[in-house]
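Heads up, the thing below is written out as structure tokens.
Number of protein chains: 2
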Amino acid sequence: MASLRVPVNLGPRSYSIAISSGDADGLAAFARQAVPKSNRALVVVDAAIPQHADLVERNLQAAGWQTRRVTIPSGEASKSTAELSRLWDVLADWPADRKTLVVAVGGGVIGDLAGFAAATYARGLPLLMVPTTLLSMVDSSVGGKTGINHPSGKNLIGAFHQPAAVWIDTAFLDTLPEREFLSGLAEVIKYGVILDADFFAYLEAHADAIRRRDADAIRRIVARSCELKAVVVEQDEREETGLRAILNYGHTFAHVFETIGGYGAWLHGEAVAAGMVCASRLAEKQGLISAELTERQRRLLARFDLPIAPKSEWPIDPMIAGMYRDKKTELGRLRFILPTKLGHVELRDDVPETAAREILQTAS
Amino acid sequence: MASLRVPVNLGPRSYSIAISSGDADGLAAFARQAVPKSNRALVVVDAAIPQHADLVERNLQAAGWQTRRVTIPSGEASKSTAELSRLWDVLADWPADRKTLVVAVGGGVIGDLAGFAAATYARGLPLLMVPTTLLSMVDSSVGGKTGINHPSGKNLIGAFHQPAAVWIDTAFLDTLPEREFLSGLAEVIKYGVILDADFFAYLEAHADAIRRRDADAIRRIVARSCELKAVVVEQDEREETGLRAILNYGHTFAHVFETIGGYGAWLHGEAVAAGMVCASRLAEKQGLISAELTERQRRLLARFDLPIAPKSEWPIDPMIAGMYRDKKTELGRLRFILPTKLGHVELRDDVPETAAREILQTAS
Ligand SMILES: NC(=O)c1ccc[n+]([C@@H]2O[C@H](COP(=O)([O-])OP(=O)(O)OC[C@H]3O[C@@H](n4cnc5c(N)ncnc54)[C@H](O)[C@@H]3O)[C@@H](O)[C@H]2O)c1
Ligand SMILES: NC(=O)c1ccc[n+]([C@@H]2O[C@H](COP(=O)([O-])OP(=O)(O)OC[C@H]3O[C@@H](n4cnc5c(N)ncnc54)[C@H](O)[C@@H]3O)[C@@H](O)[C@H]2O)c1
Ligand SMILES: [Zn+2]
Ligand SMILES: [Zn+2]
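Sequences listed follow chains A and B, in order. Mapping the first sequence onto UniProt numbering, position 261 (from 1) lands on 261, and the numbers just tick up by one. Mapping the second sequence onto UniProt numbering, position 354 (from 1) lands on 354, and the numbers just tick up by one.
The structure is reproduced here in structure tokens:
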């Protein structure tokens with residue numbers, strides 16, 4: 001069974017992503033290579049998946065690590081100062097030192113939280129990401145964004161802290177609910193649209209295998225997604241040049257869908273799916289692409305039962321207002337990432353409000 | 001009146017330190033150059049020095065900044081999660097964005113706390129250090145270490161976050177109590193011993209002018225101290241190569257003196273003064289230097305009324321035990337930074353416990 005490696009080249013902060021399926025034993029050797037001198041590991045795990053943490057912990061112990069575990073309640077609410085303090089306390093009580101490895105076993109919530117604890121304890125501990133959701137495998141585990149939420153805003157408190165390594169075992173997905181899995185596919189499709197027409201075509205050609213979670217297909221799409229994200233991150237590690245913004249394709253719409261739908265209406269990836277279709281239709285309207293490109297996205301998303309339009313009952317005005325509050329807007333202009341052809345997007349701030357409004361009206 | 005500039009060369013994180021005396025007007029132009037697009041500034045200030053914050057705030061406002069101020073109670077206890085959360089809340093309430101400048105007006109406590117808030121809000125805000133104690137001018141404002149305390153340890157929670165600029169106006173020292181001022185001189189002398197024999201000789205030759213806070217002399221020693229710290233930081237930004245450890249000359253002893261003396265017995269610089277004499281005597285004992293070098297340090301420190309030995313009533317055993325707990329020790333060996341000649345030190349882990357014990361016995 002092929003095990004894949006994706007390098008992330010960030011000079012002294014470079015690291016490697018390993019992608020395998022059912023190779024729990026491989027973890028410890030991989031981690032050992034990334035952090036040769038580490039002998040203690042704090043395993044931070046989502047409460048829903050103790051069995052995956054067992055596997056990780058057993059393997060680290062067999063390789064000579066002394067381990068401790070902290071279990072975090074599932075869900076976004078755990079990206080809090082309370083859970084962060086709990087991690088700091090456990091590290092301080094041990095006490096951890098700069099060689100102590102923090103291991104995040106879970107989805108984006110665990111990765112963001114444990115990653116931020118690693119970023120801020122003793123001015124930085126090595127971090128091993130072990131993502132267990134499709135979204136965290138293809139997105140949140142790569143790139144170094146860590147953080148927690150503040151009552152005033154999501155991910156408002158945080159730091160850039162690149163992991164020492166990322167260990168992806170697609171077998172962890174076996175327990176992932178279908179809806180979470182499909183939602184993660186929206187971000188996978190996004191990579192195809194923004195950066196890689198061939199990859200998009202691969203997804204079209206193998207949609208059935210992907211949907212039934214064929215291990216070879218999953219490894220392949222996870223690896224390619226990581227590769228594409230790595231290329232972007234390598235060129236704009238700290239979101240300074242603006243290049244990293246292309247990862248936000250579909251997200252200006254998605255964020256207002258998530259807000260208006262309220263917690264629990266749509267998963268993030270579902271909102272991104274509908275958001276991409278809206279952005280693509282906006283690009284059509286602006287004369288950037290033909291209707292066919294939107295149609296291909298719509299068809300592919302539909303094969304994974306992902307939404308392709310906002311809900312008809314959502315009122316337009318608050319959504320438009322929300323777009324102006326998006327942190328990417330500046331000086332009262334709407335900003336969108338729009339495709340110009342399959343595999344290429346651009347940041348546009350010349351889209352009139354009327355155009356965005358029309359898209360929302362005819363979509364819903 | 002000469003205004004000095006010290007560059008800190010850290011690639012994309014490079015910045016400039018300005019050293020002047022009574023040039024409040026210069027601040028805004030200097031800050032504008034460092035952060036051209038910033039239009040909001042959060043001024044974080046020590047409660048003891050509102051007048052200095054007034055000056056800073058007025059000048060920033062005159063240069064077009066919208067400002068808010070947070071006043072922090074004086075003292076080490078403010079390096080806490082409670083004060084950190086308060087800063088996060090004010091930033092989130094505003095709301096701050098990535099162009100919002102955080103301005104730290106105070107000593108090391110304010111710099112460390114405000115710096116850590118800047119490091120962790122929106123994954124990093126620009127930071128302007130405006131140090132108002134001698135220690136913060138020559139040490140804590142330069143180098144990017146930020147953080148807060150944890151019940152289990154000082155500076156345990158933190159991040160590396162280089163400032164965008166450092167504005168040093170020695171006129172702020174006019175209000176600084178004598179003891180705080182003299183304590184800061186211990187770190188200044190340290191730079192001479194570890195890196196620059198000529199600078200040490202300058203301090204000997206100008207001790208009287210320094211003691212009466214002659215502005216030219218103060219600017220000169222502050223600038224040279226910053227330069228020397230910058231050189232070290234440039235070669236070991238994140239304390240990875242071990243080079244940065246030379247800044248800890250005298251500190252293995254100092255830390256146990258601070259602990260055994262308890263809060264408030266000695267200021268940090270006072271402990272460092274006695275610690276340097278002990279380390280120097282240890283170097284003599286190891287045959288690294290002659291007695292004359294220790295004597296020169298002792299004489300210079302005494303001219304500033306700094307302690308040159310631990311208090312005689314302090315018991316030896318707990319101090320030795322404390323040295324083994326020092327975070328620089330590894331595998332049960334004591335580690336010291338020891339001089340080999342004036343202007344040069346080395347990290348030694350071959351010092352027998354008996355030697356350290358003897359120094360403490362004969363010193364006190
Ligand atoms: N840092 C980044 O660059 C980045 C990028 C995108 C998203 N994020 C963050 O990621 C978070 C969303 O990530 P997510 O979608 O993985 O959410 P999540 O971590 O909440 O996981 C989703 C759900 O799946 C469960 N789960 C996780 N792994 C499982 C498994 N193997 N089997 C069964 N159940 C499992 C969890 O308990 C949870 O209920 C958000 O907080 C978002 O802000 C961060
Ligand atoms: N980040 C680093 O690299 C670094 C390096 C060394 C020390 N530190 C930290 O710095 C702190 C010590 O710094 P410090 O010695 O500046 O202490 P401090 O900030 O507590 O200031 C000392 C005292 O002086 C008062 N004060 C400050 N400026 C004044 C002024 N101009 N006039 C009158 N009073 C004034 C304060 O209210 C306080 O009581 C410690 O927390 C230490 O951990 C950090
Ligand atoms: Zn997303
Ligand atoms: Zn010191």
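Glycine residues also receive a C-beta, built at the ideal position from the N, C-alpha and C atoms.
Secondary structure of residue i, DSSP reduced to three states
i	result
V102 of chain B	strand
T259 of chain A	helix
G64 of chain B	coil
D174 of chain B	helix
P307 of chain A	coil
L346 of chain A	The question names Leu, yet the displayed sequence has Glu at residue 346 of chain A. Strand, per DSSP.
K145 of chain B	strand
L113 of chain B	helix
T133 of chain A	coil
A118 of chain A	helix
L182 of chain B	helix
residue 402 of chain A	It is not possible to answer for residue 402 of chain A, since the shown part of chain A is limited to 1 through 364.
D169 of chain B	strand
V70 of chain A	strand
L125 of chain B	coil
A53 of chain A	helix
G153 of chain B	strand
R58 of chain B	helix
R86 of chain B	helix
G75 of chain B	coil
R357 of chain A	helix
A159 of chain A	strand
For residue j and residue i, the rounded distance between their alpha carbons
i	j	result
A40 of chain A	L101 of chain A	The sequence given here places Arg at residue 40 of chain A; Ala does not occur at that position. Cα to Cα, R40 of chain A sits roughly 6 angstroms from L101 of chain A.
T362 of chain B	P339 of chain B	20 angstroms
L306 of chain A	D317 of chain A	24 angstroms
T170 of chain A	R68 of chain A	24 angstroms
G115 of chain A	I17 of chain B	32 angstroms
R357 of chain B	I320 of chain B	7 angstroms
L42 of chain B	R211 of chain A	50 angstroms
K197 of chain B	I189 of chain B	Note that residue 197 of chain B is Ala in the sequence shown, not Lys. For A197 of chain B and I189 of chain B, the distance between alpha carbons rounds to 10 angstroms.
T294 of chain B	S280 of chain B	5 angstroms
K229 of chain B	E187 of chain A	46 angstroms
S78 of chain B	G153 of chain B	14 angstroms
E313 of chain A	R335 of chain A	25 angstroms
V142 of chain A	A283 of chain A	28 angstroms
D208 of chain A	R303 of chain A	8 angstroms
H52 of chain B	L135 of chain B	17 angstroms
Q162 of chain A	G11 of chain A	11 angstroms
I221 of chain A	L247 of chain A	17 angstroms
M323 of chain A	A245 of chain A	16 angstroms
R123 of chain A	G275 of chain B	25 angstroms
D174 of chain B	R213 of chain B	8 angstroms
Q61 of chain A	Q33 of chain A	15 angstroms
V56 of chain B	P177 of chain A	55 angstroms
Rounded distance between the beta-carbons of residue j and residue i, thought under 8 angstroms
i	j	result
L300 of chain B	E227 of chain B	Contact flag wrong, Cβ pair sits at about 20 angstroms.
D112 of chain A	T81 of chain A	That pair is no contact at about 13 angstroms.
A164 of chain B	P126 of chain B	4 angstroms
G107 of chain B	T71 of chain B	Incorrect: roughly 14 angstroms between the Cβ atoms, too far for contact.
H268 of chain B	S140 of chain B	Contact doesn't hold; Cβ gap of about 10 angstroms is too wide.
L347 of chain A	V193 of chain A	The pair is not a contact, with the Cβ atoms about 15 angstroms apart (cut-off 8 angstroms).
S74 of chain B	V138 of chain B	Their Cβ separation, rounded to whole angstroms, is 20 angstroms, which puts S74 of chain B and V138 of chain B out of contact at 8 angstroms.
V45 of chain B	I110 of chain B	7 angstroms
Whole runs of the beta strand (DSSP E) within the stretch 1-51 of chain B, excluding any shorter than 3 residues: Qualifying beta strand (DSSP E) stretches, in chain order: 4-8, 15-20, 40-46.
Interface positions of the stretch 154-166 of chain B facing chain A (Cβ-Cβ less than 7 angstroms), listed along the chain: Residues L156, I157, G158, A159, F160.
Residues, ordered as in the chain, of the stretch 93-114 of chain A that lie near chain B by beta-carbon distance below 8 angstroms: Of all residues in the stretch 93-114 of chain A, those with a C-beta nearer than 8 angstroms to a C-beta of chain B are D93, P95, D97, reading in chain order.
Interfacial residues, the stretch 60-91 of chain B to chain A, with Cβ spacing under 7 angstroms: Here the close residues are T81, S85, W88.
Please list the residues of the UniProt domain "3-dehydroquinate synthase C-terminal" (184-329) of chain B that have a C-beta atom closer than 9 angstroms to any C-beta atom in chain A, keeping them in chain order. Residues of the UniProt domain "3-dehydroquinate synthase C-terminal" (184-329) of chain B with a C-beta atom less than 9 angstroms from some C-beta of chain A are R238, E239, E240, K327, listed in chain order.
Taking a cut of 8 angstroms between CB atoms, which residues from the stretch 9-24 of chain B lie near chain A? Result list empty, no residue passes.
Could I get the ranges of all uninterrupted alpha helix (DSSP H) runs contained in the UniProt domain "3-dehydroquinate synthase C-terminal" (184-329) of chain A, with 4 residues as the minimum, in chain order? Here the runs fully enclosed are 197-205, 207-211, 215-235, 251-261, 268-285, 291-303, 316-325.
Chain A contacts from the stretch 334-354 of chain B (Cβ-Cβ distance under 7 angstroms): Flagged: no residues at all.
Going along the stretch 34-47 of chain A in order, which residues come within less than 9 angstroms of chain B, judged by CB to CB distance? The residues in question: there are none.
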